[in-house]
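Participant: A single structure is presented below for examination.
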RNA sequence: GGAGAGAUGGCAGAGUGGUCGAAUGCGGUGGUCUUGAAAACCAUUGUGCAGCAAUGUACCGGGGGUUCGAAUCCCUCUCUCUCCGCCA
């Protein structure tokens, strides 16, 4: 959520920038500023009336102490009428506040000035390509055939016990999954992140804190009896650690492994085969809370960090800068990582690293104190490091040989074997 | 699941109708002292909104009510703790 004062200060610039997100904000901005003007003047009137009421009340108290009941009674009447007036204004005020809030939550984050315009993912800009796209042996297979050939994942068993999109990892397949989780966490810890293992269900309040509720509630699984939601990403619990917090030292760096649960309502068709799109998958997330002056440096460092992991896994990947049309509601600047999965000859998104600036922090009331003792909103950033299923898919597809699947060196000590035969 | 207790500032903890935005202690910050540090002592130390400021106003878990006046009384919701039961 944008802060009203920032909209006031940067109105024209924001309107121009939001055009990159294919949005015309001028009418919304004008109406929200007009409402806020009204809110301010109402607040002033209300404060005056309340001040009067407070004065009267204490005068009445004094009269009683002095035993002047009659004088007190006269003031009581006056006080009552003041109270009636204040009630009217208070109601008006809270209506104004609600209207303002209703508009503000509709406005997406302002994109960073470097974000290219564009309508869809087709307009994203490739800013880096790394690694060689492998030429596979003849008869190379997509991962859903490999997982069954080497008995790594049992999709049917998952369907039997739960439903489609809930795979069962078996034997070496399970060990590979667990190894990847540990490996990613270790890489993140080595980069200075502190590991957390948060709950996998969150309250409604947390859902609001990260903006998953009320807009995207159809995407989360809901345990209705207890009104808890299964997390769609570790970002939800971890970011909510910092709800109503005043930060003392920057940066705060968190990493967390969690399973992620997504209903994926409305998505169907091509991309759902194998590991490409699941209802439950594992992901290791990185989150940073940073001073506004440093958040873009931090974003770069997070991009480099994710790159270094993919380098070490010897996976070919490319980094895309998302165009305005593909940028999420909350993000100011996002880099997507895609790995090339040679068996299906496709680029698969495995990470999305974003700077949300103060957009999330405003809703969370996540602030810091500057040197003058003023409180200001922090910047929040997050990214996947990394999402497991598509990494898994690319790893086994790209490394398939006639003799089996050869795992990259970095994983040997984690998995306990170097080839899957 | 049954019974009870509670929710106050960064933390601990007083306050049961009117100088309470809130005692006191701890912690934090600044200072005095010291070669330096510790100790001691002094001062300072919540957040939002409006205002250039002075200041005003709101906030004692959330919402509602009683009253001229509520942290304090009433209703309601949420959460936490203790005991019992069940249980990984």
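Numbering (my numbering), first residue to last: 1223 to 1643. No residue lacks a Cβ here, since even glycine has one placed at the ideal position from N, Cα and C.
#1: Thinking residue 1244 and residue 1433 are a contact (beta carbons under 8 angstroms), I'd like their distance in whole angstroms, please.
#2: Could you give the uninterrupted runs of the alpha helix (DSSP H) lying entirely in the region 1481–1538, keeping only those of 4 residues or more?
#3: Can you check whether the CB of residue 1577 is closer than 8 angstroms to the CB of residue 1601?
#4: Have a look at 1469, 1555, 1551 and flag the residue whose alpha-carbon is nearest the alpha-carbon of residue 1513.
#5: Cβ atoms of residue 1539 and residue 1561: under 8 angstroms apart, would you say?
#6: Report the CB separation of residue 1573 from residue 1551 in whole angstroms; it is logged as a contact under 8 angstroms.
#7: According to DSSP, is residue 1467 part of a helix, a strand, or is it coil?
#8: In the DSSP assignment, what are the bridge partners of residue 1573?
#9: Considering Cα atoms alone, identify which of 1406, 1386, 1571 is closest to residue 1542.
#10: What number of angstroms, rounded off, separates the C-alpha of residue 1419 from the C-alpha of residue 1487?
#11: Could you tell me the distance, in whole angstroms, from the CA atom of residue 1339 to the CA atom of residue 1309?
#12: Is there contact here, the region 1629–1637 with the region 1499–1518, by at least three beta-carbon pairs under 8 angstroms?
#13: For the candidate residues 1293, 1427, 1223, whose alpha-carbon lies nearest to that of residue 1279?
#14: For residue 1615, count neighbouring C-beta atoms within 10 Å of its own C-beta (all shown protein chains included) and say buried if the count is 16 or more, exposed if not.
#15: Taking residue 1464 and residue 1588 to be in contact with their CB atoms under 8 angstroms, please state how far apart those CB atoms are, rounded to whole angstroms.
#16: By DSSP, does residue 1587 sit in helix, in strand, or in coil?
#17: Taking 7 angstroms as the cut-off, is the beta-carbon of residue 1342 closer than that to any non-hydrogen atom of the ligand NAP?
#18: Nearest-angstrom Cα distance between residue 1291 and residue 1285?
#19: Tell me where the alpha helix (DSSP H) around residue 1310 begins and ends.
#20: I'd like to check one pair, residue 1375 with residue 1610: are the Cβ atoms closer than 8 angstroms?
#21: Does the Cβ-Cβ distance between residue 1326 and residue 1226 come in under 8 angstroms?
#22: Any chance the region 1251–1265 sits against the region 1345–1359, with 3 or more Cβ pairs inside 8 angstroms?
#23: Tell me, which residues are paired with residue 1605 by DSSP?
#24: Would you give the residue range spanned by the beta strand (DSSP E) that residue 1598 belongs to?
#25: Is residue 1365 helix, strand or coil when you go by DSSP?
#26: Find the nearest neighbour of residue 1253 within the set 1565, 1639, 1319, judged by alpha-carbon distance.
#27: Less than 8 angstroms separating the beta-carbons of residue 1271 and residue 1251?
#28: Among the candidates 1451, 1554, 1606, 1300, whose CA atom is the shortest distance from the CA of residue 1528?
#29: Just to confirm before moving on: does the CB-CB distance between residue 1446 and residue 1482 stay below 8 angstroms?
#30: Could you work out which residue in 1426, 1378, 1449, 1549 is closest to residue 1496 when comparing CA atoms only?
#31: Using 8 angstroms as the threshold, is the C-beta distance between residue 1548 and residue 1335 below it?
#32: According to DSSP, simplified to helix, strand and coil, what is residue 1277?
#33: Do you know offhand how far residue 1647's Cα is from residue 1596's?
Facilitator: Reading it off the structure:
#1: Their Cβ separation, rounded to whole angstroms, is 20 angstroms, which puts residue 1244 and residue 1433 out of contact at 8 angstroms.
#2: 1517–1534, all fully within the region 1481–1538.
#3: yes
#4: 1469
#5: yes
#6: In fact, because the Cβ distance is near 19 angstroms, the residues do not count as touching under 8 angstroms.
#7: coil
#8: Per the DSSP secondary-structure output, residue 1573 pairs in a beta bridge with 1559.
#9: 1571
#10: Taking the straight line from one Cα to the other gives about 27 angstroms.
#11: 48 angstroms
#12: no
#13: 1293
#14: buried
#15: 5 angstroms
#16: coil
#17: As far as ligands go, the structure on display features none, and thus does not contain the ligand NAP.
#18: 7 angstroms
#19: 1291–1326
#20: no
#21: A Cβ-Cβ contact shorter than 8 angstroms links residue 1326 with residue 1226.
#22: Under the three-pair Cβ rule at 8 angstroms, the region 1251–1265 does not count as touching the region 1345–1359.
#23: DSSP output for residue 1605 lists 1508 as bridge partner(s).
#24: Start and end: 1597–1599.
#25: helix
#26: Nearest option by C-alpha distance: 1319.
#27: No. Outside cutoff.
#28: 1606
#29: no
#30: 1378
#31: no
#32: Of the three classes helix, strand and coil, the one that applies to residue 1277 here is helix, per DSSP.
#33: Residue 1647 falls outside the range modelled here, since the chain spans only 1223 to 1643, and no answer is possible.
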